[in-house]
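**Q**
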Amino acid sequence: MTHAGGYIADARIRAAEWLPWVFAALCYFAAPSYLTLGSYILTMIIFALSLDLILGYGGIITLGHSAYFGTGAYVAGILALRLTGEPLLGLLAGTLGAGLLGLFTGLVILRTRGLALLMLTLAITSLCYEVANRATRLTGGADGLGGFSIRPILGLFSFDMFGKTAYLYCLVILFASWWLVRRLVYSPFGASLTGVRENNVRMHAIGAPVYQRRVVAYTISAALAGLAGALLTQTTQFVGLNVLGFELSGELIVMLVLGGVGRIYGAFVGPLVYLVAQDYLAKRFPEYWYFGIGAMLVLVVMFARGGILGIIDAGIARLRRGS
Amino acid sequence: MGLKLSTIIAAVALAAASGWAAAQTVKIGIITTYSGPTAGQGDQLDKGFKLYLKLNGNKLPPGVKVEPIFRDDTGANPDAAKRIAQELIVRDKVQFLTGVVWTPNAAAIAPLTAEAKVPFVIANAAGWNIPRMSKYVARVSHTLPQSAYPLGKWAAKKFKRVYTVVSDFAPGQEAEDAFIKGFKESGGEIVGSARVPLATTDFIPYMQRVKDAKPDAIFAFNPGGKQATAQMKAYADLGLKKAGIKYIGTGDITADEELQNMGDAALGVITVHHYSAAGDRPANKAFVAAYKKEYGEKMNPGYMAAVAWDAMDLIFHCIREEKGKMDPDKTMEIIRNYKNPDSPRGPIQIDPETRDIVQNEYLREVRKVDGKLANVELEVIETQYKDPWKEFNKPK
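Chains as they are written, first to last, in my numbering: chain H, 80 to 402; chain S, 164 to 559.
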């Protein structure tokens, strides 16, 4: 497997990297009735970023990332129901809760690799799902957790029906997450992660603390997933069991692969294309929309191994050669 | 010249008229389940709605049109359902919401309807307290206590010891509570209770526990569809039927659309419910005939299809009363006073106080009619019956 991403000496933000933000800001004004979907897309981008950090850069294959997303979602939900609906505190709690779970599970499962690791990540998600399903008093079980309200952000901006506040809130949090992930990826730490991914044996040989690096990356990624989960809880003001479901983990990988793995912006493009396509197809063909999604995936896997961004890269390279 | 002027006037008048007509399009947001393991239940709602729209979709005041918008909530998936409802309200500006198989989904949607003032006609989700969450919610389906409580009272006359097995989510817990209350009040003894995770299709371990406890009967609730068949098969395969343990429950466990898949194990199962495809009311015979004509001779409408039909009838009644100029508060007023003496399930009405359904509950037994399994209605066990749980749990 080859990846375009990795350590680059020049970490300055290039002009093209501002494009997504301009686009997101334009969407706010151009599509006011799509802001609910927009907030969901932004949340999923954060979630995809967290996966990209470990899958794309760290080379850790996981099918259980929804465990951390769901933990963040439930921690934020339970906090809002029992103690306080303060949004920033909820985000912090969700992030910390998922980060802690990521640290403890990471310490155990990252001793394995390959298929064994894949199975363990799956097992952790299943465990979390069953716990949430059974602990009805705390989580609401299959009925979900609702009936809480989130206070205005900083006491100023309250959440509205049209999703305006939610959209901008998600956008700000996404910006912060992006900044963090970008700094990490372009740091020496990111370089060593890429090293582990590309040649694990050699990294051991030069004396790099491989296991420790992987645990740290996994913990950060889990915390970021928890942040996304908490954000979903606050913007929808509801937590359902499916946030811990295996389907969500699978869907997330699909989105990331669709966008392009290991290149930060794949995590932006993937969820956007996938969720907009899903929204369109589900509306046009409510009975058969999964067929359209499936066809799209088959095409990407057959013709675009590097995802959508991979196609664009190849196109630009061809243009350059041609001129 | 004169001709030209009149043509222009006519054209303008026509444009104005068509513009006026376009303003009379009533949008109905329909949320049901088309994908995932529980798509069978959603399909029932879909078929009921579409049948009504096909046969009665033109019975509207002149110039008024109806635009149904179907959306998929993918199963018991409350946050997706809430997002879809929000989109239907904000983006499509629907004047009605209806459908919804799952109680968790309806509970997530209900608060939105209060905020947006959109009447929400629940066509299945049975959690008893959902209409209390918003005064824009009305329900045409049922609550579990409505069938489980009278069944409990009836069962106490026949059986001494009963084991209960229900799906572990709000309607299941309510069915369990209501049955046990009715059963114990009339002197029965509960020997054990099991709650099965909502998504399970493996009922063997639970039915084995029932068998070991040797009760006279097992009371069951599951959300219908494939799960109903799976539980019935587990009941037969483990030999509970041979051991003389009677199988009773709410009508969900012998839903008509699944009944033929259950085999002879289902024979003799006693249920209480509001609808059976075998009901011999003329309105029901016409409904079943129309359903078979549309979807095939072998297809039987289940209770969800019948309720979806009634939900659409209620919505069309409101549109006719208001002549297409929908006002949410007026709509709710009409809904509160809705009565239909001739629904496929018999006479129904909306309770003005609770906005929940008032209907007959039938005691039924699975028998063979013309070589096919059918829920044969034995007697009307409760006439024009309100949800008893709202009577026991008055709002403070």
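Beta carbons are placed, not taken as given, at the ideal position from N, Cα and C, and that holds for glycine. The structure presented is a predicted model; accordingly, all values stated were derived computationally and were not measured.
Answer yes or no: does any C-beta atom of chain H fall closer than 8 Å to that of S/Glu420?
**A** no
**Q** Could you have a look at H/Thr244 and say whether DSSP puts it in helix, strand or coil?
**A** helix
**Q** Counting along the chain, where does the alpha helix (DSSP H) carrying S/Asp505 start and finish?
**A** Unbroken run through S/Asp505 is the beta strand (DSSP E), Lys502 to Ser506; no alpha helix (DSSP H).
**Q** Establish whether the CB of S/Ala338 and some CB of chain H are separated by less than 8 Å.
**A** no
**Q** Ends of the alpha helix (DSSP H) at S/Asp419?
**A** Asp419 to Met425
**Q** Is the Cβ of S/Gln249 closer than 8 Å to any Cβ of chain H?
**A** At a cut-off of 8 Å between beta carbons, S/Gln249 contacts chain H.
**Q** Measuring alpha carbon to alpha carbon, tell me which residue in H/Gly324, H/Ala307 and H/Val380 is nearest H/Val333.
**A** H/Val380
**Q** Please report whether the beta-carbon of S/Asn385 lies at a distance below 8 Å from any beta-carbon of chain H.
**A** no
**Q** With a threshold of 6 Å on Cβ separation, who are the neighbours of H/Thr244 within its own chain once the five nearest residues in sequence on each side are excluded?
**A** Phe236 and Phe238
**Q** Starting from the C-beta of H/Thr44, find all residues in its chain whose C-beta is less than 6 Å away, skip the five residues before and the five after it, and write them out in chain order.
**A** An answer regarding residue 44 of chain H cannot be provided, because it is not within the stretch 80 to 402 covered by chain H.
**Q** Around the C-beta of S/Asp209, are 16 or more other C-beta atoms found within 10 angstroms, so that it is buried, or is it exposed?
**A** buried
**Q** Output the distance between the C-alpha atoms of H/Arg292 and H/Gly324, rounded to the nearest integer angstrom.
**A** C-alpha separation (whole angstroms): 28 Å.
**Q** Consider the Cβ of S/Glu278: report whether some Cβ of chain H lies at a distance smaller than 8 Å.
**A** yes
**Q** Using the C-alpha atoms, what's the distance from S/Ala289 back to S/Ser310?
**A** 11 Å
**Q** When you compare only the Cα positions, how much space is there between S/Ala397 and S/Phe366?
**A** 6 Å
**Q** Out of curiosity, what's the CA-to-CA distance linking S/Val435 and S/Arg324?
**A** Straight through space, the alpha carbons of S/Arg324 and S/Val435 are spaced by roughly 19 Å.
**Q** Using a Cβ-Cβ distance cut-off of 8 Å, determine whether H/Met375 contacts chain S.
**A** no
**Q** In its own chain, which residues sit with a C-beta less than 6 Å from the C-beta of H/Leu160, not counting the 5 before and 5 after it?
**A** Phe227
**Q** Tell me whether the beta-carbon of S/Lys190 lies closer than 8 Å to the beta-carbon of S/Lys256.
**A** yes
**Q** Any contact between the stretch 174-183 of chain H and the stretch 293-311 of chain H? By contact I mean 3 or more CB pairs, one from each, below 8 Å.
**A** Contact between the stretch 174-183 of chain H and the stretch 293-311 of chain H is present, because at least three Cβ pairs lie under 8 Å.
**Q** Who are S/Leu382's beta bridge partners in DSSP?
**A** It should be noted that the sequence gives Phe, not Leu, for residue 382 of chain S. Partner(s): S/Thr327 and S/Ile411.
**Q** Report yes if the C-beta distance between S/Gly351 and S/Ala318 is below 8 Å; otherwise report no.
**A** yes
**Q** Just to confirm, are S/Phe212 and S/Ala471 a CB contact at a threshold of 8 Å?
**A** yes
**Q** Is DSSP giving S/Asp235 helix, strand or coil here?
**A** In the structure shown, S/Asp235 sits in a strand (DSSP, three-state: E or B).
**Q** Quick one: which residues of the stretch 224-243 of chain H get their C-beta closer than 7 Å to a C-beta of chain S? List them in chain order.
**A** Gly225, Met240 and Phe241
**Q** Closest Cβ-Cβ distance between H/Asp131 and chain S: below 8 Å?
**A** Chain S contact via Cβ: absent.
**Q** Between which two residues does the beta strand (DSSP E) containing S/Arg530 stretch?
**A** Start and end: Ile520 to Val532.
**Q** What in chain S is Cβ-close to H/Phe317, meaning under 8 Å?
**A** Pro241, Asp242, Lys245 and Ala271
**Q** Once you ignore the five residues that flank S/Lys549 on each side, which residues in its own chain have a CB closer than 6 Å to its CB?
**A** Asp514 and Val521
**Q** Using the Cβ count rule (16 or more neighbours within 10 Å means buried), how would you classify H/Tyr119?
**A** buried
**Q** Tell me the DSSP bridge mates of S/Glu230?
**A** S/Lys190
**Q** What residues from chain S crowd round H/Ser112, counting only those whose CB sits closer than 7 Å?
**A** Val253 and Arg254
**Q** What is the DSSP secondary structure of S/Gln547, counted as helix, strand or coil?
**A** In the structure shown, S/Gln547 sits in a strand (DSSP, three-state: E or B).
**Q** Starting from the C-beta of S/Ala184, find all residues in its chain whose C-beta is less than 7 Å away, skip the five residues before and the five after it, and write them out in chain order.
**A** Model confidence at S/Ala184 stands at a pLDDT of 45, short of 50, so the residue's coordinates are unreliable; what they give is reported in the following sentence. For S/Ala184, where only same-chain residues beyond five positions count, the Cβ hits under 7 Å are Gly226.
**Q** Go to H/Phe317, then tell me how far its alpha helix (DSSP H) extends in each direction, as first and last residue.
**A** Careful: H/Phe317 lies outside any alpha helix (DSSP H) and carries neither H nor E.
**Q** Does the CB of H/Leu116 have a neighbour CB from chain S at under 8 Å?
**A** yes
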